[in-house]
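> First, the structure itself, so that you have it in front of you.
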Amino acid sequence: MTVTPTENGVRISDEATKATVEILNFGATITSWRILDQELLFLSKGSKLDGSRAVRGGIPLVFPRFGPPKGDHPATDSLPQHGFARSSTWELLGEVDENTVQFGLGPENLSEEYRKAWNYDFTLLYTVKLGKEALELSLEVENPGSEQFDFNVLFHTYFEVPEVEKVSVEGLNGLKYFNKVEGQFVTKEDKPVTFHGEVDRVYEATPSQIAVDYDGKPIYEVQTENLKDTVVWNPWEKGANSMSDFSPKEDFHKMVCVESGSVAEFVKLAPSKSWKATVTLKSLL
Ligand code: BG6
């Protein structure tokens, strides 16, 4: 395994398995994860990678709020959709070992605008470890200040798939979810999630293991520790058309977002406390 700097971030690679992961300093966004030279994460060809806006694909990090400000949570209502972590430049803290790197984000890394909108003391530590068939991602949130703060967090993972209409997400059957397309809660729907139109759902209290199946066979596994919820999203044609950085538009067929996080409720972090969560993505391809 080797860790090498790239123009705007870092790459970890393993010669033996031809596995690589590429991470930008901007957003600490993972933009590529490959095994045996096969790309496993979707990245829109129209995505900006120059720090001018959040990356459309890969794994952006959502913090400290999920979704658009709704006017019901003053502490985060001045922030843009999905918060500031994905559109701030993180500090590459360095190699933890030959297959692991760590990034940090604190108030000193935020723009004045974000700082004003969320004026808390905080430290985020993001650890990315490349395994042979897995990618292990850990996020630690620390509160070194004297005031409690609330946050949502989400690993906004865009998986690459050959055709989303052949995908099903397994492990969420029968669970309560908020259907963002229709603006209502759904309970006890006993069928796997499939994709034949726009899907935008926030599943609450989800199991710690979820699978993405293709043609009835598991191709990815998502394991979590200390994360409660799972967001499942595909924008379909209309959604793709509404995003200027989504191109070509028909590529919505090639992605499925299965996003692990804590978003239905805010996590509350008291002064001097810290919180940690881990997501392990496995490729079964
Ligand atoms: C998902 C949300 O997590 O992110 C969707 O559930 C949203 O509602 C999508 O459209 C993409 O958000 P953004 O801000 O990257 O366009």
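Reminder that position 37 of the sequence shown reads as 291 in the numbering used here, one-by-one numbering, no gaps. Glycine included, every Cβ here is placed at the ideal spot set by N, Cα and C. None of these values were measured; they are calculated from a predicted model.
DSSP on Lys383, reduced to helix/strand/coil?
It is a strand residue.
> Would you grab the beta carbon distance between Lys508 and Glu414 for me? Rounded to a whole angstrom, and I think it's under 8 Å.
That pair is a contact at about 6 Å.
> According to the neighbour-count rule (16 or more other Cβ atoms, all chains shown, within 10 Å of its Cβ), is Glu513 buried or exposed?
Glu513 should be labelled buried.
> By the three-class DSSP mapping on this structure, what secondary structure does Glu436 have?
Glu436: coil per DSSP, three-state reduction.
> Would you call Lys386 buried or exposed, if buried means 16 or more other Cβ atoms sit within 10 Å of its Cβ?
Per the 10 Å Cβ criterion, exposed.
> Considering Cα atoms alone, identify which of Cys511, Asp375, Leu523 is closest to Arg310.
Out of Cys511, Asp375, Leu523, Cys511 has the C-alpha closest to the C-alpha of Arg310.
> Kindly indicate which residue of Phe403, Ala465, Asn495 has the alpha-carbon position closest to the one of Trp372.
Answer by Cα proximity: Phe403.
> When you compare the CB of Leu359 with every CB in chain B, is at least one pair closer than 7 Å?
In the structure shown, chain B cannot be found, because there is only a single protein chain.
> What I want to know is whether the C-beta of Lys482 ends up closer than 6 Å to one or more non-hydrogen atoms of the ligand NAP.
The ligand NAP is absent from the structure shown, which contains only the ligand BG6.
> Gly358 by DSSP, collapsed to three states: which one?
Three-state DSSP puts Gly358 in a strand.
> So, are the CB atoms of Val350 and Gly337 less than 7 Å apart?
No, they are not a contact pair.
> I need the straight-line Cα distance from Ser365 to Ser342, nearest angstrom please.
Answer to the nearest angstrom: the Cα atoms are 8 Å apart.
> On a CA-only basis, which of Leu294, Val275, Pro398, Ser267 is nearest Ser537? Give me that one, please.
Comparing Cα positions, the closest option is Leu294.
> Quick check on DSSP: helix, strand or coil for Trp344?
In the structure shown, Trp344 sits in coil (DSSP, three-state: anything other than H, G, I, E or B).
> Specify, as a first and last residue, the run of the alpha helix (DSSP H) that Trp372 falls within.
Looking at the DSSP string, Trp372 is not in any alpha helix (DSSP H), and its letter there is neither H nor E.
> Please determine, among Lys471, Gly312, Thr381, Thr441, the residue with the shortest C-alpha to C-alpha distance to Ala531.
If we check each option's Cα against that of Ala531, Thr381 comes out closest.
> In chain order, which alpha helix (DSSP H) runs of at least 4 residues are fully inside the region 426 to 482?
Counting only runs of 4 or more, we get nothing.
> Quick check for students: name the residue ranges of the beta strand (DSSP E) that lie wholly in the region 273 to 349, counting only runs of 3 or more.
You should have 273 to 278, 284 to 289.
> Please find out if some non-hydrogen atom of the ligand BG6 comes closer than 6 Å to the beta-carbon of His507.
No - the ligand BG6 has no heavy atom lying nearer than 6 Å to the Cβ of His507.
> Between which two residues does the alpha helix (DSSP H) holding Ala494 run?
Note, Ala494: alpha helix (DSSP H), 490 to 496.
> With DSSP as the reference, please indicate the residues paired to Pro259 in a beta bridge.
Partner(s): Val264.
> Taking Cβ positions, are Asn363 and Leu523 nearer each other than 7 Å?
Going by C-beta atoms, Asn363 is not nearer than 7 Å to Leu523.
> Per DSSP, Ala351 forms a beta bridge with which residues?
The sequence as given places Asp at residue 351; Ala does not occur at that position. Looking at the DSSP assignment, Asp351 forms a beta bridge with Thr354.
> Which stretch, first to last residue, makes up the beta strand (DSSP E) that contains Ala531?
It spans 528 to 537 - the beta strand (DSSP E) in which Ala531 sits, taken as one unbroken run.
> Would DSSP call Val512 helix, strand or coil?
It is a strand residue.
> How would you label Leu408, buried or exposed, when you count the other beta carbons within 10 angstroms and need 16 or more for buried?
Its Cβ being crowded by 16 or more others within 10 Å, Leu408 is buried.
> How would you label Phe449, buried or exposed, when you count the other beta carbons within 10 angstroms and need 16 or more for buried?
The residue in question, Phe449, is buried, as its Cβ has 16 or more Cβ neighbours within 10 Å.
> Kindly examine the ligand BG6 and report whether one of its heavy atoms sits closer than 6 Å to the Cβ of Gln335.
Gln335: yes, Cβ under 6 Å from the ligand BG6.
> Figure out for me which residue from Lys302, Gly300, Ser400, Thr283 has the closest Cα to the Cα of Lys527.
Answer by Cα proximity: Ser400.
> Less than 6 Å between C-beta atoms, sequence neighbours within five positions excluded: which residues of the same chain meet that for Ser332?
Closer than 6 Å at the Cβ level, and outside the excluded window around Ser332, lie Ala371.
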